[in-house]
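To keep things clear, I will list the structure first and then write my remarks on it.
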């Protein structure tokens, strides 16, 4: 069946309190999706973010970001007052998230909520903690320890904590009991509000596509609590890190710095860590998009001491063995794979053998080759077409940056009509394609240029900030989109 969806992260929703949340504005966006004839809402990873504010560098692959807890709902539950919420200085402009302010004010206000929460703990709380115990206690201890030590990485903790000596951990749990309970409350509120929002979306016929980064952050509870799953030395330091090799875009390649998986150990362990991870995300999303899928076929390993990615080497990944186990142990899992960039024959075979739909990115389609795989006339039905992703410029920002020679080719190929904005020309081409599913970022639907870009890869600051203005997605826009859904049978 032909369907369509919109990409917008939770952080980009309008809000009185500096960042998008799971509150009423999220429900209004669901209503907009439904009235636009959409069937999917794609978001970015929901994990708690650290330095750089990237959702792809999270403290935990299981936990949720407490920034997204809606404060209005907490007021309704008498955990906060509106005066307390409105006393904070959340932002200078409603079009950007100010993460420094969010970090400062959110924790102070949510600690006030905790003081009231602990006086009347909901009946569902204990059941939640029991259900999530396979990750929750380690996460709460990890966060409490980080805060106690001014946020330093776990690699710099004392040996007893770094190596997780049982007697040292038990002592820390006793000392930090209240701090751990605070973080458990945050997770309870996060998943309670998210579950209610997802239920609302599903009832409106909207399915949620969530994102799973292939790698985890080096400063994460995932690595601290399960070091055997990663390539670490005896001091629990990384021996090699993830990245990608030099190419036409970068002479030095990209040094991501994430720890690499010990795939041999994982295979002996029947990929149990991955099974837990995917099972957890399948419970909170309807569809999972796996980022950097080619890394399961082969991955680029860079010496941890290096300052560039020049000296990396390619190593063999787990291939189809991992996904055979996933399909065996997890039923009815819906997955999209990010298979963009340079693809070897073995990567292409892995995507085909997995049976998962891959991605087509229209901004990559115009390099002058008629057989370019991202041009719509080369699509097969079993794929997902994107005009752009969170890592790309908006269509208007991208088009304005093209040399005229390429821009002319784009206009001719897409049959550009004078008077129409290029973003609508490209979106119509995506909707008209044979791809089973089309996804467009909200920024493109709102006619926003480069200022709406969410992320510029290989840059450490200034990303993940964009927010939609309140009232920007209107009934008139919904009807315009719905018209094209009817026209192209999506």
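In the numbering used here, the protein residues as written are 33 to 522. Note that CB positions come from ideal geometry on N, CA and C, so glycine has one too.
Residue i vs residue j beta-carbon contact at 8 Å
i	j	result
residue 517	residue 462	no
residue 500	residue 84	no
residue 505	residue 100	no
residue 340	residue 287	yes
residue 239	residue 72	yes
residue 214	residue 143	yes
residue 524	residue 51	Absent from the structure is residue 524, since the part of the chain shown begins at 33 and ends at 522.
residue 418	residue 454	no
residue 367	residue 322	yes
residue 27	residue 263	In the structure displayed, the chain extends from 33 to 522; residue 27 sits before or after that span and is not available.
residue 37	residue 74	yes
residue 426	residue 481	yes
residue 261	residue 212	no
residue 362	residue 437	no
residue 146	residue 220	no
residue 369	residue 387	no
residue 39	residue 469	no
residue 334	residue 255	no
residue 406	residue 396	yes
residue 68	residue 513	yes
Residue environment, residue i, which counts as buried when at least 16 other CB atoms sit within 10 Å
i	result
residue 510	buried
residue 125	exposed
residue 433	exposed
residue 343	exposed
residue 61	buried
residue 378	exposed
residue 376	exposed
residue 519	exposed
residue 33	exposed
residue 345	exposed
residue 528	Any question about residue 528 goes unanswered here, given that the chain covers just 33 to 522.
residue 225	buried
residue 70	buried
residue 488	exposed
residue 409	exposed
residue 435	exposed
residue 374	exposed
residue 429	buried
residue 41	buried
residue 485	buried
Residue i - partner residues in DSSP beta bridges
i	result
residue 203	Answer by DSSP bridge pairing: none, since residue 203 is not bridged.
residue 81	90
residue 139	Partner(s): none; residue 139 has no beta bridge.
residue 35	469
residue 347	331
residue 274	333
residue 291	273
Any chain D beta carbon closer than 8 Å to residue i
i	result
residue 88	In summary, chain D is missing from the structure at hand, where a single protein chain is found.
- Given 8 Å, three or more beta-carbon pairs between the stretch 75–83 and the stretch 201–210: Fewer than three pairs of CB atoms, one per stretch, sit closer than 8 Å, so the stretch 75–83 makes no contact with the stretch 201–210.
Please confirm if the stretch 133–145 is in contact with the stretch 161–175, defined as three or more CB-CB distances below 8 Å between the two stretches. Contact between the stretch 133–145 and the stretch 161–175 is absent, because fewer than three Cβ pairs lie under 8 Å.
>> I want to know whether the stretch 321–328 touches the stretch 342–357 - three or more CB-CB distances under 8 Å.
In response: Judged by Cβ distances under 8 Å, the stretch 321–328 makes contact with the stretch 342–357, as three or more pairs qualify.
| request: Take every Cβ of the stretch 261–274, pair it with every Cβ of the stretch 182–199, and state whether three or more of those distances are shorter than 8 Å. | output: As far as the Cβ criterion goes, the stretch 261–274 touches the stretch 182–199, which means the pair count is three or higher.
Can you list, in chain order, the stretches of the beta strand (DSSP E) that have 3 or more residues and sit fully within the stretch 215–255? Complete beta strand (DSSP E) runs here, min 3: 239–244.
Where in the stretch 349–414 do unbroken runs of the alpha helix (DSSP H), each at least 4 residues long, occur, reported from the N-terminal end onward?
The stretch 349–414 is shown to contain whole alpha helix (DSSP H) runs of 4 or more residues at 352–361, 377–386, in chain order.
Margin query: List, from N- to C-terminal side, the beta strand (DSSP E) runs of 3 residues or more that fit wholly inside the stretch 295–336.
Written below: The qualifying runs are 319–322, 330–335.
Quick check on the DSSP output: what are the complete beta strand (DSSP E) runs of length 3 or more inside the stretch 467–500, in order along the chain?
As summarised for the stretch 467–500, the continuous beta strand (DSSP E) elements at least 3 residues long and confined to that stretch are 469–473, given in chain order.
- Query: For the stretch 111–186, which segments carrying the alpha helix (DSSP H) assignment without a break, of at least 4 residues, lie completely within its bounds, in sequence order?
  - Reply: Listed in chain order, the complete alpha helix (DSSP H) runs (minimum 4 residues) inside the stretch 111–186 are 114–118, 131–149, 156–163, 165–180.
Contact between the stretch 87–105 and the stretch 245–253 is defined here as three or more beta-carbon pairs at a separation below 8 Å; is this criterion met?
The stretch 87–105, when compared against the stretch 245–253, does touch it at the 8 Å Cβ threshold.
Could you pull out every unbroken beta strand (DSSP E) segment of at least 3 residues lying fully inside the stretch 406–460, listed in chain order? Entirely contained in the stretch 406–460, the beta strand (DSSP E) runs reaching 3 residues are, in chain order, 415–418.
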